[in-house]
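K.L.:
First the structure, then my questions, so here it is.
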Amino acid sequence: MIYVHESALIEEGVTIGDGSRIWHDVHVRKGASIGERCILGKGVYVDADVPIGDDCKLQNYACIYRGARLGRGVFAGPHVVFANDMRPRATDPQFKLLGDEDWEAGSISVADGAAIGANSTILPGITIGRWAMIGAGSVVRHDVPDYALAAGSPARLIGWVCACGDRVTSRRCPRCGEIPSDHPLRNNES
112 MIYVHESALI EEGVTIGDGS RIWHDVHVRK GASIGERCIL GKGVYVDADV
162 PIGDDCKLQN YACIYRGARL GRGVFAGPHV VFANDMRPRA TDPQFKLLGD
212 EDWEAGSISV ADGAAIGANS TILPGITIGR WAMIGAGSVV RHDVPDYALA
262 AGSPARLIGW VCACGDRVTS RRCPRCGEIP SDHPLRNNES
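Heads up: the sequence shown begins at 112 in the working numbering, then just goes up one per residue.
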């Protein structure tokens, strides 16, 4: 069963997977797809043709603009922005208002299980790896590897996390006991 709050605006051509919940004032544009069991909090904006994988949680006022692609189980905290234009302008040099045909959307790929903290901005041309974690308030300008912990403005690699979300410094996670076999620390990288 799908729940869509009466104040949400879901345009034609949107697909929504079973078990998803879409709350107050959400706007999902044409051609977007929302996976199964997703939660879109108050005021979330999903642009045209954006695919969102199963089991994602997008907190209040997250904005996912055209060109972004979210894998399965991605978490985006409140007010996260997935930007899509490195050279934004409202007009050309003669002050003619620009339209969609006047620019090309950049791409952002967020892999399965990644988590992005509140108020972060992800710039176009970025890939965020599987189970990576981005600290709140970060500005991500470069790719983030699998299981990386990145934070700051600009975001920098500051450590590693387990798939369970805890910070790890060795082959054993203090929370769940082990880290996945493909984790960089399992292979003695740091």
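A virtual CB, placed ideally from N, CA and C, is assigned to each residue, including glycine.
#1: Would you list, in sequence order, the uninterrupted beta strand (DSSP E) runs of no fewer than 3 residues that lie entirely inside the segment 239-298?
#2: On the CB-based measure, 16 or more other CB atoms within 10 Å of its CB, does residue 281 come out buried or exposed?
#3: Taking C-alpha atoms, which residue in 177, 274, 127 and 151 lies nearest to residue 216?
#4: Within the segment 151-220, note down every full beta strand (DSSP E) run reaching 3 residues or more, in order along the chain.
#5: Exposed or buried, residue 241, counting other C-beta atoms within 10 Å across all chains shown (16 or more means buried)?
#6: Would you call the segment 240-255 and the segment 221-231 touching, i.e. three or more CB-CB distances under 8 Å?
#7: How big is the Cα-Cα spacing for residue 292 and residue 268?
#8: Excluding the 5 residues flanking residue 170 on each side, which residues of the same chain have their C-beta closer than 6 Å to its C-beta?
#9: Comparing alpha-carbon positions, which option in 149, 161, 202 and 237 lies nearest residue 266?
#10: Near residue 231, what residues of its chain come up, given a Cβ to Cβ distance below 6 Å and the 5 sequence neighbours on each side ignored?
#11: Could you check if residue 209 is buried or exposed, using at least 16 other CB atoms within 10 Å of its CB as the buried criterion?
#12: Can you tell me whether residue 186 is buried or exposed, with buried defined as 16 or more other CB within 10 angstroms of its CB?
#13: Please say whether residue 277 and residue 283 have beta carbons closer to each other than 8 Å?
P.N.:
Based on what the coordinates show:
#1: 259-263 and 266-272
#2: The residue given as residue 281 occupies position 170 in the sequence shown. By the C-beta density criterion, residue 281 is exposed, having fewer than 16 other C-beta atoms within 10 angstroms.
#3: Sequence index remark: in the sequence shown, residue 216 carries index 105 (1-based). The residue with the shortest Cα to Cα distance from residue 216 is 177.
#4: 179-181
#5: Numbered from 1 along the sequence shown, position 130 holds the residue referred to as residue 241. Per the 10 Å Cβ criterion, buried.
#6: yes
#7: For the purposes of this step, residue 292 is taken as residue 181 along the sequence shown, with counting starting at 1. For the purposes of this step, residue 268 is taken as residue 157 along the sequence shown, with counting starting at 1. C-alpha separation (whole angstroms): 20 Å.
#8: What you label residue 170 is simply residue 59 of the sequence shown in a count that begins at 1. The answer, listed in chain order, is 152, 188 and 189.
#9: The count along the sequence shown starts at 1 and reaches residue 266 at position 155. Comparing Cα-Cα distances from residue 266 to each of 149, 161, 202 and 237, the minimum goes to 237.
#10: The residue labelled residue 231 in the question sits at position 120 within the sequence shown. Within the same chain, residue 231 has close Cβ partners 191, 245 and 249.
#11: If you number the sequence shown from 1, residue 209 lands on position 98. So residue 209 ends up on the exposed side.
#12: Start at 1 with the first residue of the sequence shown, and residue 186 comes out as number 75. Buried.
#13: The count along the sequence shown starts at 1 and reaches residue 283 at position 172. The count along the sequence shown starts at 1 and reaches residue 277 at position 166. Cβ atoms of residue 283 and residue 277: not closer than 8 Å.
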